[in-house]
């Protein structure tokens, strides 16, 4: 009898663990989600309606629906600030690209999208493809703490990296003034810039795909496991693709199943 009772108790405990972990995602009763406001590959806010569209918004809303809680989605200025909000407990989840230098204070989920990175150059630039970027005498710019800037800091061998503040209007002027030879960012952002800056073009190929992830606080392995299961479901159901299409994103792909974060070169 005792053996039967123990087995039943174990089964009940196992069946309740996922539900408990799902509730632990947002212990305060509201799912507080933060994303990088300046990254259109994560989400775009409609200027007229204020509606937030994009993969991160779709994921946050669906996750909140599953755990039966309201959701609060907030834009944050920089990747380090997104990480700090989650690490400090001011947000329950955050949407941020995995980058080796960002590891340590939060846990990263598997990859849900890959955001293609490339460069914007002047129309008459001799740079025709990504292969032309790393050449002596060239200055290659990227914004401080952006994934492509951190990547270039590790990988450039001949060109000079120029890390600049994220001030779009100033940076567009600096490109036109030839203060640097190319500006690196995600393809979505650069395609928008190209339309706004006459005499520029986006390179036809990509440097690499930045893995976008959901971060949770340290010390919550059950929560991280539930988030990873949720991403699997969102991928299989088409939810992530729906978020990409709803925002009209360019150069953003659903990450294949089994895409885990420690994959950035």
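Numbering (my numbering), first residue to last: 948 to 1212. Beta carbons are placed, not taken as given, at the ideal position from N, Cα and C, and that holds for glycine.
By how many angstroms is the C-alpha of residue j removed from the C-alpha of residue i?
i: residue 1143; j: residue 1111; result: 20 Å
i: residue 1204; j: residue 1124; result: 44 Å
i: residue 1065; j: residue 1149; result: 7 Å
i: residue 1212; j: residue 1202; result: In this predicted model, residue 1212 has a pLDDT of only 38, less than 50, meaning its place in the structure is not dependable; the value taken from the coordinates is given anyway. Cα-Cα distance, rounded: 16 Å.
i: residue 1069; j: residue 1139; result: 15 Å
i: residue 1073; j: residue 1045; result: 32 Å
i: residue 1115; j: residue 984; result: 13 Å
i: residue 1122; j: residue 1130; result: 7 Å
i: residue 1083; j: residue 1105; result: 5 Å
i: residue 1188; j: residue 998; result: 18 Å
i: residue 1037; j: residue 1171; result: 17 Å
i: residue 1134; j: residue 1164; result: 30 Å
i: residue 1120; j: residue 1145; result: 12 Å
i: residue 1141; j: residue 1034; result: 36 Å
Taking 7 Å as the cut-off, decide whether the C-beta atoms of residue i and residue j are in contact.
i: residue 1061; j: residue 1185; result: no
i: residue 1177; j: residue 1010; result: yes
i: residue 1161; j: residue 1040; result: yes
i: residue 1103; j: residue 1079; result: no
i: residue 919; j: residue 1000; result: The requested residue 919 does not occur in the structure, where the chain is confined to residues 948 to 1212.
i: residue 1152; j: residue 1077; result: yes
i: residue 978; j: residue 1018; result: yes
i: residue 1020; j: residue 988; result: no
i: residue 1173; j: residue 969; result: yes
i: residue 1108; j: residue 1097; result: no
i: residue 1206; j: residue 1090; result: no
Quick one: what's residue i bridged to in DSSP?
i: residue 1041; result: 981, 1162
i: residue 1133; result: 1064
i: residue 1026; result: Note: residue 1026 sits in no beta bridge, so no partner.
i: residue 999; result: 992
Considering residue i, what are the terminal residues of the beta strand (DSSP E) in which it resides?
i: residue 1148; result: 1147–1149
i: residue 1086; result: 1086–1090
i: residue 1080; result: Looking at the DSSP string, residue 1080 is not in any beta strand (DSSP E), and its letter there is neither H nor E.
i: residue 1046; result: From DSSP, residue 1046 is part of no beta strand (DSSP E); its letter is neither H nor E.
Is the CB of residue i under 7 Å away from at least one CB in chain C?
i: residue 1067; result: In the structure shown, chain C cannot be found, because there is only a single protein chain.
Check each candidate in the options and name the one with the smallest Cα separation from residue i.
i: residue 1003; options: 1159, 1180, 1169, 1012; result: 1159
i: residue 1052; options: 1135, 1026, 1020; result: 1026
i: residue 1147; options: 1078, 1194, 1071; result: 1071
i: residue 973; options: 1012, 982, 995; result: 1012
Starting from residue i, follow the alpha helix (DSSP H) in both directions and report where the run begins and ends.
i: residue 1009; result: 1002–1014
i: residue 1179; result: 1168–1184
i: residue 1095; result: 1094–1102
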